[in-house]
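Undergrad:
Residue numbers (the UniProt record's numbering): 1 to 599.
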């Protein structure tokens with residue numbers, strides 16, 4: 001195994017006889033670990049709370065493994081001097097690794113390491129071993145013959161950790177201004193915490209500018225931000241927004257390294273027609289000879305709320321009237337509808353160079369012409385996003401080249417770019433086969449070549465749950481990269497844009513569970529955590545679920561989809577290491593097994 005990947009620390013039971021224990025003072029803080037060797041010599045070590053907790057996990061694993069099964073531990077020890085690119089980089093890259101039971105990072109943000117190796121001549125002297133380690137792994141070992149497991153583990157570690165984890169020189173502390181922290185409170189089902197966790201792991205301090213009484217002002221979230229400056233932000237923005245932001249930054253009173261927002265306009269991000277009244281919409285449709293069907297969506301939108309496919313003027317009128325101005329403003333856009341396979345295409349750009357690119361398939365929604373029938377839903381609410389895409393290689397290249405040209409023409413050379421598009425006249429299309437909807441070769445294709453159809457450009461990472469699935473599938477964290485690009489930390493951007501050496505680790509599907517219930521019910525959710533319920537009932541499915549989350553609690557009001565408000569009840573990231581078809585089968589079974597009720 002290459003020495004730059006990791007060093008293995010493993011006590012051979014035939015050569016060492018150790019009695020180990022842990023004493024605690026205030027939880028895992030300042031825990032003391034002691035070992036008694038065969039000569040009754042006692043050696044003590046004072047560990048940090050992270051290393052003490054890991055050592056406790058090691059002891060527990062030894063106790064529950066049973067006779068004849070070793071507990072094997074590896075420590076990841078950097079052999080280069082410098083600072084760590086991201087304190088949680090080892091757990092991030094080892095997500096869902098079958099041969100690893102537990103991964104714990106010992107590193108602090110921007111921590112420096114001397115790059116000195118270790119020896120195991122005295123395995124009872126634990127303090128120097130753990131003091132130089134960046135992370136610890138407890139392995140899944142099926143027998144006492146650990147040598148049989150080692151080649152597989154070595155190959156996996158080389159695949160996943162083949163990126164620069166330690167950079168030379170002193171670390172540069174950065175402060176970033178975040179404008180409009182518009183994600184929902186995590187205590188109320190919000191899923192935006194990943195942004196703040198990434199900032200902490202990177203050592204980037206966030207100064208938040210948002211409206212007063214935001215949940216980030218609350219004391220329990222103080223450690224997520226350097227400062228919170230109440231700032232008047234409106235939709236649409238006021239003419240003096242620049243002056244408002246400058247005043248807030250001056251109020252902070254300290255140097256900053258960048259400013260960023262993740263709020264964007266649907267109209268400004270793609271080619272479309274903008275209107276704010278029915279008369280204006282009808283005039284645009286007539287003058288530009290727009291053919292039906294059309295797509296109508298609010299300029300300020302999210303979760304595909306009030307995105308409608310309209311096939312006539314009457315439907316256009318209904319779609320416009322259905323937009324909730326209090327949530328999305330009065331302005332909306334109209335664009336042509338294309339029926340080809342829909343995709344999310346995501347770029348990591350630095351100085352116009354593509355550092356990372358991936359495409360996922362967005363399976364047809366209930367409002368698509370070939371969409372599934374799903375309860376009372378008839379909208380563009382996401383249902384399944386499949387990673388990686390199954391489009392032909394030449395069509396993936398077409399999307400990459402066409403969309404990249406558009407980005408560069410618009411001057412977008414740096415950042416995480418989340419684009420939505422379709423492949424017009426694709427050689428594949430969605431068909432139902434044995435109850436599974438997936439891409440299949442078209443039975444007949446015209447003479448015209450396929451073309452890339454850009455729906456919208458979002459100059460930000462895709463939603464938090466979507467970014468999680470990219471992290472686990474490819475090992476690339478979009479939100480952390482977005483922060484680093486904003487503060488121009490180019491060295492770390494390049495280091496952290498490397499996916500796994502061998503490509504995506506599995507086929508993974510983000511299964512969205514949208515709110516749906518009989519209109520006769522009240523809008524009160526009347527179940528417990530539906531994810532926990534499924535995981536406990538179906539252990540076989542649980543082994544194929546990377547992450548999941550329930551966004552609602554019993555007694556919470558959830559609008560019916562007929563109101564135009566789109567709410568996810570939950571999501572599941574379902575994977576198969578074998579093939580895409582199995583992942584789709586598992587995703588269907590997960591959706592079918594979800595249980596919840598409304599009253």
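Backbone N, C-alpha and C define an ideal beta-carbon position, used for all residues, glycine too. Predicted model, so just to flag it, every value in this text is computed and none were measured.
Out of 56, 280, 556 and 489, which has the shortest C-alpha to C-alpha gap to residue 527?
TA: In the chain shown, counting from the first residue as 1, residue 527 sits at position 527. Checking every option, the nearest Cα to that of residue 527 belongs to 556.
Undergrad: Would you tell me roughly how many angstroms separate the C-alpha atoms of residue 595 and residue 168, rounded to the nearest one?
TA: In the chain shown, residue 595 corresponds to position 595, counting from 1. In the chain shown, residue 168 corresponds to position 168, counting from 1. Looking at the two C-alpha atoms, the distance is approximately 52 Å.
Undergrad: Nearest by alpha-carbon distance to residue 262: which of 461, 412 and 361 is it?
TA: Position 262 of the chain shown holds residue 262. Answer by Cα proximity: 461.
Undergrad: Tell me the DSSP secondary structure of residue 110 in three-state form.
TA: Indexing the chain shown from 1 puts residue 110 at position 110. Reduced to three states, the DSSP call for residue 110 is coil.
Undergrad: State the Cα-Cα distance for the pair residue 421 and residue 48, rounded to the nearest angstrom.
TA: In the chain shown, the residue the question calls residue 421 occupies position 421. In the chain shown, the residue the question calls residue 48 occupies position 48. In a straight line, the C-alpha of residue 421 is about 48 Å away from that of residue 48.
Undergrad: In chain order, what residues of the same chain lie with their CB nearer than 7 Å to the CB of residue 362, ignoring the 5 residues before and after it?
TA: Taking the chain shown and counting its residues from 1, one reaches residue 362 at position 362. Within the same chain, residue 362 has close Cβ partners 342, 343, 344, 382 and 385.
Undergrad: My output table needs one value for residue 223: the three-state DSSP class, helix, strand or coil.
TA: Residue 223 sits at position 223 when you count from the first residue of the chain shown. Helix at residue 223.
Undergrad: Which of the three DSSP states, helix, strand or coil, is assigned to residue 499?
TA: Translated into the one-based positions of the chain shown, residue 499 becomes position 499. Three-state result, residue 499: coil.
Undergrad: Could you tell me if residue 580 is buried or exposed, where buried requires 16 or more neighbouring beta carbons within 10 angstroms of its beta carbon?
TA: Position 580 of the chain shown, counting from 1, holds the residue named residue 580. Label assigned to residue 580: buried.
Undergrad: How long is the line joining the alpha carbons of residue 85 and residue 70, rounded to whole angstroms?
TA: Taking the first residue of the chain shown as position 1, residue 85 is located at position 85. Taking the first residue of the chain shown as position 1, residue 70 is located at position 70. Roughly 33 Å separates the two Cα atoms.
Undergrad: Assuming contact is defined by CB atoms lying nearer than 8 Å, are residue 152 and residue 99 in contact in what I supplied?
TA: The residue you call residue 152 lines up with position 152 of the chain shown. The residue you call residue 99 lines up with position 99 of the chain shown. Going by C-beta atoms, residue 152 is nearer than 8 Å to residue 99.
Undergrad: Is residue 428 near residue 391, with beta carbons less than 8 Å apart?
TA: As a working mapping, residue 428 is identified with position 428 in the chain shown. As a working mapping, residue 391 is identified with position 391 in the chain shown. In contact: residue 428 and residue 391 (Cβ atoms closer than 8 Å).
Undergrad: Within this structure, are the beta carbons of residue 105 and residue 134 separated by less than 8 Å?
TA: Position 105 of the chain shown, counted from the start, is the residue given in the question as residue 105. Position 134 of the chain shown, counted from the start, is the residue given in the question as residue 134. Yes, the pair counts as a contact, with Cβ atoms nearer than the cut-off.
Undergrad: Report the three-state DSSP secondary structure of residue 606 (helix, strand or coil).
TA: Because residue 606 is not part of the residues shown, which for the chain are 1 to 599, the question remains open.
Undergrad: Pick helix, strand or coil for residue 10, following the three-state DSSP scheme.
TA: If you number the chain shown from 1, residue 10 lands on position 10. Caution applies to residue 10, whose pLDDT of 35 falls short of 50 and renders its modelled position unreliable; the value that the coordinates give is listed next. In this structure, residue 10 counts as coil in the three-state DSSP scheme.
Undergrad: So if DSSP puts residue 166 in a beta bridge, which residue, or which two residues, is it bridged to?
TA: Your numbering for residue 166 matches position 166 in the chain shown. Note: residue 166 sits in a beta bridge opposite 84.
Undergrad: Which partner residues of residue 432 appear in the DSSP bridge assignment?
TA: In the chain shown, counting from the first residue as 1, residue 432 sits at position 432. Paired residues: 437.
Undergrad: Where does residue 458 sit, in a helix, a strand or coil, going by DSSP?
TA: Within the chain shown, residue 458 is the residue found at index 458, counting from 1. Of the three classes helix, strand and coil, the one that applies to residue 458 here is strand, per DSSP.
Undergrad: Helix, strand or coil: which one does DSSP assign to residue 600?
TA: Because the chain here runs from 1 to 599, residue 600 falls outside it and cannot be looked at.
Undergrad: Helix, strand or coil: how does DSSP classify residue 491 here?
TA: Residue numbering aside, residue 491 sits at position 491 when the chain shown is read from its first letter. Residue 491: helix per DSSP, three-state reduction.
Undergrad: Going straight from the alpha carbon of residue 102 to that of residue 91, what length do you get?
TA: If you number the chain shown from 1, residue 102 lands on position 102. If you number the chain shown from 1, residue 91 lands on position 91. Residue 102 and residue 91: Cα-Cα distance of roughly 9 Å.
Undergrad: Looking only at DSSP bridge pairs, what is residue 349 linked to?
TA: Looking up residue 349 in the chain shown gives position 349. The partner list for residue 349 (beta bridge, DSSP) reads 354 and 415.
Undergrad: With the cut-off set at 8 Å, would you say residue 81 and residue 115 are in Cβ contact?
TA: Position 81 of the chain shown, counted from the start, is the residue given in the question as residue 81. Position 115 of the chain shown, counted from the start, is the residue given in the question as residue 115. Yes, the Cβ-Cβ distance between residue 81 and residue 115 is below 8 Å.
Undergrad: Around the C-beta of residue 246, are 16 or more other C-beta atoms found within 10 angstroms, so that it is buried, or is it exposed?
TA: Locating residue 246 in the chain shown gives position 246, counting from the first residue. By the neighbour-count rule (16 or more Cβ atoms within 10 Å), residue 246 is not buried but exposed.
Undergrad: Of the residues 478, 317, 402 and 436, which one's Cα is nearest the Cα of residue 417?
TA: If you number the chain shown from 1, residue 417 lands on position 417. Comparing Cα-Cα distances from residue 417 to each of 478, 317, 402 and 436, the minimum goes to 478.
Undergrad: Go through its chain and collect everything with a Cβ distance to residue 293's Cβ below 7 Å, but skip five positions before and after it.
TA: As a working note, residue 293 is residue 293 in the chain shown. The answer, listed in chain order, is 309, 310, 311 and 337.
Undergrad: Can you tell me the Cα-Cα spacing of residue 88 and residue 520, whole angstroms?
TA: In the chain shown, counting from the first residue as 1, residue 88 sits at position 88. In the chain shown, counting from the first residue as 1, residue 520 sits at position 520. Their Cα atoms are separated by approximately 48 Å.
Undergrad: With distances taken from CA atoms, which of 585, 524 and 205 is nearest residue 560?
TA: To locate residue 560, count along the chain shown from 1; it is residue 560. When only C-alpha atoms are compared, the closest one is 524.
Undergrad: Determine the closest residue to residue 171 out of 200, 538, 208 and 110, with distance taken between C-alpha atoms.
TA: Here residue 171 corresponds to residue number 171 of the chain shown, with the count starting at 1. The residue with the shortest Cα to Cα distance from residue 171 is 110.
Undergrad: Check residue 443 in the structure and name its three-state DSSP category.
TA: Reading the chain shown from its first residue, position 443 is the one you call residue 443. Note: residue 443 maps to coil in three-state DSSP.
Undergrad: Taking a contact to mean a Cβ-Cβ separation below 8 Å, would you say residue 158 touches residue 97 in this structure?
TA: Within the chain shown, the letter at position 158 stands for residue 158. Within the chain shown, the letter at position 97 stands for residue 97. No, the Cβ-Cβ distance between residue 158 and residue 97 is not below 8 Å.
Undergrad: Classify residue 211 as helix, strand or coil using the three-state DSSP reduction.
TA: Locating residue 211 in the chain shown gives position 211, where the first residue counts as 1. Three-state result, residue 211: coil.
Undergrad: Would residue 241 and residue 228 qualify as a contact pair, given that the criterion is a beta-carbon distance under 8 Å?
TA: Counted from its first residue, the chain shown places residue 241 at position 241. Counted from its first residue, the chain shown places residue 228 at position 228. No, these two residues do not count as a Cβ contact at 8 Å.
Undergrad: Where does residue 316 fall in DSSP's three states?
TA: What you label residue 316 is simply residue 316 of the chain shown in a count that begins at 1. Residue 316 falls in the helix class under three-state DSSP.
Undergrad: Where does residue 136 fall in DSSP's three states?
TA: Your numbering for residue 136 matches position 136 in the chain shown. If DSSP states are grouped into helix, strand and coil, residue 136 belongs with the strands.
Undergrad: Assuming residue 180 and residue 233 are in contact, meaning their beta carbons sit under 8 Å apart, how far apart are those beta carbons, in whole angstroms?
TA: For the purposes of this step, residue 180 is identified with residue 180 of the chain shown, where counting begins at 1. For the purposes of this step, residue 233 is identified with residue 233 of the chain shown, where counting begins at 1. The Cβ separation is near 5 Å, so the contact holds.
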